[in-house]
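There are 2 protein chains.
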Amino acid sequence: MAAGRGRLHGLGVGPGDPELLTLKALRVLREVSVIAYPAPERGASFARSIVAPWIEPHQQEIAIRFPMRPGPIPAAIYDNAAAALAAELDRGRDVALLCQGDPLFYGSFTGIFTRLAGQYGIEIVAGVSSLTACAAAAALPLVSRDEGLAVIPATLDAEQITARLASADIAAIIKLGRHIGKVRRVLDQLGLLGGAICVAHATLPTQQVRPLASVNAEDAVYFSMAFVGHRVPLM
Amino acid sequence: MAAGRGRLHGLGVGPGDPELLTLKALRVLREVSVIAYPAPERGASFARSIVAPWIEPHQQEIAIRFPMRPGPIPAAIYDNAAAALAAELDRGRDVALLCQGDPLFYGSFTGIFTRLAGQYGIEIVAGVSSLTACAAAAALPLVSRDEGLAVIPATLDAEQITARLASADIAAIIKLGRHIGKVRRVLDQLGLLGGAICVAHATLPTQQVRPLASVNAEDAVYFSMAFVGHRVPLM
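Chains A and B supply the protein sequences, listed in that same order. All residue numbers for the first sequence refer to my numbering, where the first residue is 1 and numbers rise by one. All residue numbers for the second sequence refer to my numbering, where the first residue is 1001 and numbers rise by one.
So, in structure tokens, the structure goes:
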């Protein structure tokens, strides 16, 4: 790595509550010259909103705008974002790339990290993931002892979801959003809908914890997760 | 809940690096009168060591001593610990129960939470889990897009591990310790050993990231995890 180049930090900023930022993420955030984050095509960035109280006016901001429609993210978005970050790193400026939850747990920035790896120093700062934040919100013992956990994207088809549920003790079905109807049907057929719990907007003021059976498709939000298994919440 | 009772906080203190404590865990830690934590039968508590810089002399400490031998933890340990914490809560004192990583992700304290739930106010503060801390240590894109993740305890038998690996895109095999020989054999038979990465003591000065194929049984430590899939580390 060339001397004088800046360093890229992938910062997990946690699930939403600013207090769930780690001390390390806060320190790095304050030290960098440039702060980059995902944002919708129009409007504010959720990741930025989590750390907004600590961003200083002298810090440069780079919003990486993603289309909100379903489907794969165009490679050009990652190419352009990686180029924009590389330009700052080449100037010797350190960059923090904000990642909701944890950077490597369903983060959208793996595409940027892979484009810059090897050329620049990269550090990943783990964050509180949506998985454990949602379990805490539901006061649900997520997994313990010899139990296996399956994390299953609701974007898979019904057959794949069924197969993955079959080999797990406990499952977390993520990215429910518009797939909630399909997930409810799959769980109902397996006799698992009754005990399933749905958590949305964990750790935010809008947090909701409800039986999945009571959540309709029109209520479903993208940042929601269902827990399936044989557990009873603590509270 | 009776007025005047204390509140129990399950605090995730992260994987080991004190800087991976959340702002919330630090605030609660400083506010409580009593700090409880798991400890071996003899010697120092790892969870306590993570937050040691912030513990004040006026705070009462309760070490909950666990046997280090394999097998189920005797119910009496949870009964006695729950009674000791209940006594403090009844006096109106707030208690923080320190949990390595995240309290609900293979935490040893579910047994205490369940004994006190309903009688006392309990709050769980999610922490950075070993799962994402180990992925960050290995700079390994853990899971993204439509990929499913299986978290598999190495304590399961070879047949169960094989079945769970079959239905996942990516797997994290946890609690390797003395089971590493079995896990290596299972992965070798499936042709998955070559790409598997082993992470031990993530985020600590003793952190190790190595190909699993190079880790022998005598080197294996309890707090280690293997990642299995078709990924290449970023760095």
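Beta carbons are placed, not taken as given, at the ideal position from N, Cα and C, and that holds for glycine. Given the structure is predicted, the values throughout are model-derived calculations rather than measurements.
Less than 7 Å between C-beta atoms, sequence neighbours within five positions excluded: which residues of the same chain meet that for Ala84/A?
Ile62
Pull up the DSSP beta-bridge partners for Tyr120/A, would you.
Ala117/A
Please report the straight-line C-alpha distance between Ala1075/B and Gly1111/B, rounded to a whole angstrom.
8 Å
Where in the region 1159-1234 of chain B do unbroken runs of the beta strand (DSSP E), each at least 3 residues long, occur, reported from the N-terminal end onward?
1170-1174, 1197-1200, 1208-1211, 1224-1228
Tell me which residues share the same chain as Val209/A and place their Cβ nearer than 6 Å to its Cβ, disregarding the 5 neighbours each side in the sequence.
Ala137, Ala138, Val199
Looking only at its chain, what residues have a beta carbon closer than 7 Å to the beta carbon of Pro38/A, apart from the 5 residues adjacent to it on each side?
Ser45, Ala47, Ile64, Phe66, Ser108
Do Val1032/B and Val1095/B come within 8 Å of each other at the CB atom, strictly closer than that value?
yes
Exposed or buried, what is His9/A when buried is set at 16 or more other beta-carbons lying within 10 Å of its beta-carbon?
buried
With three or more beta-carbon pairs closer than 8 Å as the criterion, would you say the region 1015-1022 of chain B touches the region 13-25 of chain A?
yes
Should the region 1131-1150 of chain B be called in touch with the region 116-133 of chain A, which here means at least 3 C-beta pairs below 8 Å?
yes
Chain A contact for Ala1126/B (CB, 8 Å cutoff)
yes
Nearest by alpha-carbon distance to Arg1042/B: which of Leu1089/B, Asp1102/B, Leu1149/B, Arg1069/B is it?
Arg1069/B
Answer with yes or no whether the minimum CB distance from Glu19/A to chain B is below 8 Å.
yes
Taking the CB atoms as reference points, tell me whether Phe227/A and Leu140/A lie closer together than 8 Å.
yes
Anything in the region 131-143 of chain A with a Cβ closer than 8 Å to a Cβ of chain B? List those residues in chain order, please.
Leu131, Thr132, Ala133, Ala135, Ala136, Ala139, Leu140, Pro141, Leu142, Val143
Mark Pro1205/B as exposed unless 16 or more other C-beta atoms lie within 10 angstroms of its C-beta, in which case mark it buried.
exposed
Which ranges would you report for the alpha helix (DSSP H) in the region 1034-1099 of chain B if only whole runs of at least 4 residues count?
1046-1051, 1075-1090
Is the CB-CB distance between Gly951/B and Arg1093/B below 8 Å?
The requested residue 951/B is not part of the displayed model; chain B covers only 1001 to 1235.
In whole angstroms, what is the alpha-carbon distance linking Ala202/A and Ala1213/B?
39 Å
If you check the beta carbons only, do Val1013/B and Cys1099/B fall under 8 Å apart?
yes
Have a look at Asp90/A and Gln119/A and give me their C-alpha separation to the nearest angstrom.
10 Å
DSSP three-state call for Gly16/A: helix, strand or coil?
coil
Grab the span of the beta strand (DSSP E) containing Leu1149/B for me, first residue to last.
1149-1153
8 Å CB neighbourhood of Leu149/A in its chain, flanking five on each side removed
Leu142, Val143, Ala168, Asp169, Ile170, Ala171, Ala172
Closer than 7 Å by beta-carbon distance: list the chain A residues that pair up with Asp1102/B, in chain order.
Thr132
Since Lys175/A and Pro153/A should fall inside the 8 Å C-beta cutoff, what is the C-beta to C-beta distance between them, to a whole number of angstroms?
5 Å
Residue span of the alpha helix (DSSP H) that contains Ala1025/B, given as start and end
1023-1031
Identify whether Gly1111/B lies in helix, strand or coil by the three-state DSSP scheme.
helix
Reduced DSSP secondary structure (H/G/I, E/B, other) of Leu8/A:
strand
I'd like to know if Thr162/A contacts chain B, where contact means its C-beta is closer than 8 Å to some C-beta of that chain.
no
Compare the Cα-Cα distances from Leu1104/B to each of Gln1189/B, Ile1124/B, Leu1116/B, Ala1086/B and report the closest residue.
Ile1124/B
Hey, does Arg1178/B have any beta-carbon neighbour from chain A nearer than 8 Å?
no
Nearest-angstrom Cα distance between Ala87/A and Gly1101/B?
36 Å
Which residue or residues does DSSP assign as beta-bridge partners of Gly127/A?
Bridge partners of Gly127/A: none, in fact.
Among the candidates Asn216/A, Val28/A, Ile77/A, Gln207/A, whose CA atom is the shortest distance from the CA of Ile59/A?
Checking the sequence, you will find Gln at residue 59/A rather than Ile. Comparing Cα positions, the closest option is Val28/A.
Give me the chain A residues within the contact set of Asp1146/B, using Cβ-Cβ distance strictly less than 7 Å, ordered along the chain.
Pro153, Thr155, Leu156
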